[in-house]
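The structure under discussion appears below in the form of structure tokens.
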Amino acid sequence: MPLTLYDKIWEEHLVHQQEDGTALLFVDRHLIHEVTSPQAFEGLRNSNRKVRQPNLTLAVVDHNIPTTDRSKGIDDKDSRIQIETLDKNCKEFGVQLFGVHDKRQGIVHIVGPEQGFTQPGTVIVCGDSHTATHGAFGSLAFGIGTSEVEHVLATQTLVQKKAKNFRVNVNGKLAVGVTSKDVVLQIIGNIGTAGGTGYVIEYAGSLISDLSVENRMTICNMTIEGGARAGLIQPDQKIFDYLKGRPMSPKNENWDKAVEYWKTLKTDSDAKFDKEINLTAEDIVPMVTWGTSPQDVVSIDGKVPNPENESDTDRKNSIERSLKYMGLEPDVAIKDIKIDTVFIGSCTNGRIEDLREAAQILKDKKKAAHVHAMIVPGSGLVKEQAEQEGLDKIFINAGFEWREPGCSMCLAMNADKLKPKERCASTSNRNFEGRQGRGGRTHLVSPGMAAAAAIAGNLDDVRKYQN
Amino acid sequence: MMLESTKIKMQKFNTLKSIPAYLPIVNIDTDMIIPKQFLKTIKRTGLGKNLFFEMRYDDDGNEIKDFSLNNEPFNNSKILIAGNNFGCGSSREHAPWALLDFGITCVISSSYADIFYSNCFKNGILPIILEEEKIKELSEYSNRKEEISVDLNEQKIVYGNSETKFDIDPFKKKCLLEGLDDIALSLEKSTQIDTYEKKLKENKPWIFND
Ligand code: SF4
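Taken in sequence, the protein lines are chains D and H.
Per the working numbering, the first sequence starts with residue 802, numbered consecutively.
Per the working numbering, the second sequence starts with residue 1435, numbered consecutively.
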């Protein structure tokens, strides 16, 4: 029977097929961080269990840490305890940790690929819903809850039910100023936040193969916003080149063996998908979200929707609720929406290419005076690279704050948060109510669009700012 | 009494009777269930007082009177009826922990986000899927403050003189009924895991960084 890439990875990882239709899957790579792991380690301790494969586990602090100077320790007591707890747990159970002062520290989904820990054909899990990011390497990667984190730590396996197959084809070429962030926002706008529920998505088509590795990560990253737990892309030479020589990538003869295997990782040409959609890259324009769900997308040339135009009452009510929260009037042009804050960072858009994209727009420009703007690199290594390229100077000259790596205002667990009613153009992935701070208003955009918004002081079309 | 520092032993689920609370909101996400400022805990307990925090308290931290869960009898509801796509958003298990700590052990909606759905079972919460029509019918019991009862074994909800059946995966049902621990069940397969790892070391040695 012809199989999809997802089917193949699934079968390769079957430890045991249980009678009830679930399966015990082997986990090759387990990433952990400070927020969703303490209760899992506590569970292990209480039942006298060990971490079965510490070598297949990598820990990093990211969600909770301050992004300002950390050399003097962490003020917030709860955050500090959580971070210290991870440190203690990793020591006790023999797990490698990139701690606060490690240069390799950063957002878990940026660190994995950067270190070569993320590899094609593997099953990768993490107690974080944006784990699908790693699917850009042709791995089956998905987020799990804390009980499952404990399960993986103890058994190196996970009980799973097979999902259905969904293929999203994007063909053609993107116009200047349009990025993979716009592509994924467009996809989510098309399928809705529940469109992928119960599926694993494979992204395919000529545009996807043309994208760089990092841009592919942006797409897979937001798969969960379309309801699917995992999204993946067939690995190719770009992926192999990216991984070659990274600290945790296979070495010597193992490298050759690995690449030989990785080359076999593809969907059979006659494989059947349970669902399939097609998008044309040329139709995609810079996108913005207007509401409180990632599916609330509109083009930068568009207008805020009018609930009166909705016939479905649930939909109408939900638009009204969103507009009220967002402080927006129906039918207002998107470009007339004034912003207070710009956040560039997160596992969606905190990699070097994202920073280059923003820098290209910000070069020799200044942010609008009323805007508070910050850039939070995705990892210490991204930060270092950006500084070597002089990007930090461009940002600082433009009036941005240049921060230490972490999740920061993506989820606002640390001090980086919006105040009530503050409006933010953000390169992160979620615009839920309160996501970036209680009462904060989020418009999701690409790094270039965020940079354009910083300069204009309102949401604006990045295509006007191409240097 | 619940011991704070130990893992909450999974409670067996059998039957449940309660006046249901009703939140007629779609897409209730995990940020709404438990905002991130409460994720800094290293424990599983104590989150109930912050359940639905942003809807429940005003800026000064006072209870908002017209939020149903703040009022009798819904502050004691064990059953929550909600709009579709309940639990979307992050994978945080703090969401089911907060529901559980508040006292809710059964959620009824027309659909759930995948991760939230499976997290419920791991914490002894029964998430029931019903059609919108039935949800509307049941919500009347919340409005009238009348009890409904849930029978997991029989897979039915009894309300007034009516009842409705619901579907549930047999294995998940068994685990809930018996309060089974997933990890212990999987560890029974240790030999299979050993065999798998041995084969993996031979076929894909790079996985182990050897
Ligand atoms: S950057 Fe945001 S989405 Fe990514 S791991 Fe951190 S909190 Fe989660």
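C-beta: ideal position from N, C-alpha, C; glycine also.
This structure is a prediction, so every number in the text was calculated from the model and none was measured.
For D:H902, there are no C-beta contacts with chain H under 9 Å, since the nearest C-beta of that chain is about 20 Å from it. DSSP places H:P1561 in the strand class (E or B) of the three-state scheme.
In terms of beta-carbon proximity, H:I1476 lines the interface with chain D, with at least one pair separated by less than 8 Å.
Taking C-alpha positions only, D:L1163 is separated from D:M1250 by approximately 11 Å. Out of D:P803, D:H864 and D:T947, the CA that lies nearest to the CA of H:R1478 is found in D:T947. Look at the beta carbons and you see the region 984 to 993 of chain D not touching the region 907 to 915 of chain D: under three pairs across the two are nearer than 8 Å. Exposure of H:S1596 is indicated by the presence of fewer than 16 other C-beta atoms within 10 angstroms of its C-beta.
Going by DSSP, D:V984 is part of no beta strand (DSSP E) but of the alpha helix (DSSP H) stretching over S981 to I992.
No residue range can be given for H:Q1589, since it is assigned to no alpha helix (DSSP H) and is classified by DSSP as neither H nor E.
Taking 8 Å as the Cβ-Cβ cut-off, the region 1227 to 1260 of chain D approaches chain H at R1231, F1233, E1234, G1235, R1236 and R1239, given in chain order. When secondary structure is reduced to three states using DSSP, D:C1208 falls in the coil class, being assigned neither helix nor strand. Straight-line spacing of the CA atoms in H:K1590 and H:S1545 works out to 17 Å. The alpha-carbon separation between D:R830 and D:K1073 amounts to approximately 28 Å. D:T1068 and D:Q920 have their C-alpha atoms spaced approximately 17 Å apart.
Contact check between the region 1125 to 1142 of chain D and the region 1165 to 1172 of chain D: three or more CB pairs, one atom from each, fall below 8 Å, which counts as touching.
Relative to the Cα of D:P1131, the nearest Cα in the group D:D808, D:K1104, D:D1137 and D:N1022 belongs to D:K1104.
Taking the CA atoms as reference points, D:N1232 sits about 44 Å from H:N1637. DSSP places D:G944 in the strand class (E or B) of the three-state scheme. For chain D, the residues of the region 1622 to 1638 of chain H that bring a beta carbon within less than 9 Å of one of its beta carbons are K1623, S1624, Q1626, I1627, T1629, Y1630, E1631, L1634, N1637 and K1638, in chain order.
If you ignore the 5 residues before and after H:K1512, its C-beta comes within less than 7 Å of the C-beta of L1450, S1452, G1537, I1538, T1539 and C1540, all in its own chain and listed in chain order. By the beta-carbon neighbour count (other beta carbons within 10 angstroms, threshold 16), D:R1204 is buried. Nearest C-alpha to D:K878 among H:F1487, H:N1505, H:L1514 and H:L1473: H:L1473. DSSP places D:G922 outside both helix and strand once states are collapsed to three, so it counts as coil. Ranked by Cα distance from D:Y1062, the first of D:P1051, D:S1070 and D:D1071 is D:P1051.
With contacts defined by Cβ atoms closer than 8 Å, H:I1627 and H:L1634 do not form a contacting pair. In the same chain as D:N972, and ignoring 5 residues on each side of it, the C-beta atoms closer than 8 Å to its own belong to G1006, S1007, L1008, N1079, L1080, T1081 and A1082, in chain order.
Taken atom to atom, the span from the alpha-carbon of H:T1625 to that of D:V977 is near 55 Å. Interface flag for H:S1573 against chain D is unset, since no Cβ pair is found closer than 8 Å.
Straight through space, the alpha carbons of D:I1135 and D:L857 are spaced by roughly 46 Å. Interface annotation, H:C1609: not in contact with chain D, CB-CB separation never under 8 Å.
Per DSSP, reduced to three states, the secondary structure at H:E1497 is strand. In terms of beta-carbon proximity, H:I1538 stays away from the interface with chain D, with every pair separated by 8 Å or more. In this structure, the alpha-carbon of D:E1015 lies about 49 Å from that of H:E1571. With 16 or more neighbouring CB atoms inside 10 Å of its own CB, D:E843 falls in the buried class. In the structure shown, the three-state DSSP call for H:D1463 is strand. For H:H1528, the uninterrupted alpha helix (DSSP H) segment begins and ends at H1528 to F1536.
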